[in-house]
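Scroll down for the structure; my scribbles are underneath it.
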Ligand code: 5GP
Ligand code: MN
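Dropping the structure here:
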C-alpha cells in the first residue's frame, strides 16, 4: 500500500486529473470527488470530476455538482485517474476505461477487502468515510479547507456515518466535523437539504416499502421490496429509495435488514445492513457483491421469491454465527 504522502507527491507532479466515484453515487463518493477536485483545482490542476450514474437530486446543493461529468470527458488521456470510495473497475461504469487511459491510477477506499486497482493505493477500512481520508490528503496537498471544500467533506462524512451515529465514528471523526464547521459551513442547513427535503414521492414510496416488510420467525432478519411497479406508482426518482433500508433495521430485535430494489425487469439491487455484530460484507460477497461489515450490497438477476428464499437463508446463517436468532 502507498502512503498518503506518496499520493500527494504524485498529484503535485501531475497536470490532468480525472476523479471518479462509483455507480449508484452516494454522499461519500460525490462529496469526496468534489472536495478533492476543488482542492486540486486550487493548485492549478486541470481537473475532471466524474460520476458514473445519475446524481440524486438531494446532492444538487454541492458547490461543483453542476460541473460533474456523467458521460464523456473532453479529453481522452489523463496523467492521473483517482478512484474514490470504490476499488472495483466494474463499479466505475463508463469511466472504467480511463483506468487504461491514465498514466497513473490512484485508488482511495475504506471498504473491506479492497482490490489493488491503482498503481498507488491507500485503503483504511477503519475510516468512517472516504471523505475522512480525503480530508487528510487535502492537508498534505497544502490546500486550506475553504467553505466550499468543507461543505463537500462534511456531506461525505455526515452521510456515511449516519449523522455521526455509526460505530466507525471516532473522536477523530468528530474533530474533523468540528474543523469543517469552523471553516464556515452551514452544517444544519446542509443537514436539512440532505435529510429533510425529501420529495413527496420518496415519502409515499417509504410508506409502501414499510408495508412490504417481512420478518424472520425469530425476528432477527427483516426485509422489504421495492419493485418497478411501486416506483412507477409514486413516480419515484433516483435516490428516493435512499435510507429505506435503515427503517427496517430500526425494528427492535432486527440484526440484519435487507432491501430488494428492482432496477430493471428481473434485476435486483440488494442492500444489506446490520445493527451490531453480523458481517453483511460476507453475505453480499456470497452473491457477487461487497461492502462493509455493517453496510453492503450486490446485484442479482432472477425470480424474486426464489432469490428472497436463498438470501434470507444465508442472512439467518450470518446471524447464527454471531449467536442470534
Ligand atoms: P448501498 O446498499 O447503499 O447501495 O451500499 C452499501 C455499501 O455496499 C456501500 O458501501 C457500497 O459501496 C457497497 N456495495 C453496494 N453494492 C455493491 C456491489 O454490487 N458490489 C460491491 N462490491 N459493493 C457494493
Ligand atoms: Mn463510503
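In my numbering, the protein residues as written are 7 to 331. Note that beta-carbon positions come from the ideal geometry of N, C-alpha and C, so glycine has one too.
Own chain partners of residue i with C-beta closer than 8 Å, once the 5 adjacent residues on each side are dropped
i: residue 256; result: none
i: residue 12; result: 126
i: residue 288; result: 324
i: residue 86; result: 16, 17, 20, 22, 23, 24, 108, 109, 110, 111 and 112
Rounded straight-line distance, which links the Cα of residue j to that of residue i
i: residue 292; j: residue 302; result: 11 Å
i: residue 242; j: residue 207; result: 5 Å
i: residue 71; j: residue 114; result: 20 Å
i: residue 109; j: residue 22; result: 10 Å
i: residue 234; j: residue 8; result: 43 Å
i: residue 54; j: residue 24; result: 5 Å
i: residue 281; j: residue 300; result: 7 Å
i: residue 75; j: residue 315; result: 40 Å
i: residue 101; j: residue 137; result: 21 Å
i: residue 414; j: residue 173; result: Lying before the first or after the last residue shown, residue 414 is absent from the chain, which here runs from 7 to 331.
i: residue 298; j: residue 205; result: 29 Å
i: residue 274; j: residue 231; result: 10 Å
i: residue 342; j: residue 94; result: Only positions 7 to 331 of the chain appear in this structure, which leaves residue 342 out of reach.
i: residue 140; j: residue 159; result: 8 Å
i: residue 161; j: residue 175; result: 14 Å
i: residue 134; j: residue 181; result: 13 Å
i: residue 145; j: residue 41; result: 12 Å
i: residue 267; j: residue 48; result: 40 Å
i: residue 96; j: residue 219; result: 31 Å
i: residue 29; j: residue 78; result: 15 Å
i: residue 326; j: residue 120; result: 26 Å
i: residue 169; j: residue 244; result: 21 Å
i: residue 14; j: residue 52; result: 16 Å
i: residue 106; j: residue 239; result: 42 Å
i: residue 249; j: residue 59; result: 18 Å
Beta-carbon gap between residue i and residue j smaller than 8 Å
i: residue 262; j: residue 227; result: yes
i: residue 346; j: residue 26; result: The question about residue 346 has no answer here: the residues shown for the chain are numbered 7 through 331.
i: residue 229; j: residue 318; result: yes
i: residue 311; j: residue 284; result: no
i: residue 10; j: residue 142; result: yes
i: residue 166; j: residue 34; result: yes
i: residue 264; j: residue 277; result: yes
i: residue 5; j: residue 46; result: Examination of residue 5 is not possible in this model, given that the chain is present from 7 through 331 alone.
i: residue 211; j: residue 236; result: yes
i: residue 221; j: residue 253; result: no
i: residue 225; j: residue 259; result: yes
i: residue 163; j: residue 195; result: no
i: residue 90; j: residue 39; result: yes
DSSP beta-bridge partners of residue i
i: residue 87; result: 24 and 111
i: residue 67; result: Per DSSP, none; premise fails for residue 67.
i: residue 264; result: 229 and 278
i: residue 127; result: 113
i: residue 55; result: 25
i: residue 221; result: 228
i: residue 297; result: 302
i: residue 273; result: 270 and 307
i: residue 92; result: According to DSSP, residue 92 bridges with nothing at all.
i: residue 75; result: 56
Same chain, Cβ closer than 7 Å to residue i, five either side skipped, listed in chain order
i: residue 154; result: 44 and 69
i: residue 130; result: 116 and 139
i: residue 132; result: 174
i: residue 32; result: 165
i: residue 124; result: 89, 111, 112 and 113
Same chain, Cβ closer than 6 Å to residue i, five either side skipped, listed in chain order
i: residue 156; result: 186, 189 and 191
i: residue 2; result: Since the first and last residues shown for the chain are 7 and 331, residue 2 lies out of range.
i: residue 122; result: none
i: residue 193; result: 187
Cβ of residue i within 8 Å of any chain C Cβ
i: residue 86; result: Annotation note: the requested chain C is absent from the structure, which comprises a single protein chain.
beta-carbon residue i near the ligand COA non-hydrogen atom, thresh 7 Å
i: residue 97; result: With respect to the ligand COA, the structure offers nothing, as its ligand set consists of the ligand 5GP and the ligand MN.
Quiz item: What residues sit near the ligand MN, counting only those whose C-beta is closer than 7 Å to one of its heavy atoms, in chain order?
Solution: So the residues near the ligand MN by this Cβ test are 32, 34, 35, 91, 116, 135, 136 and 166.
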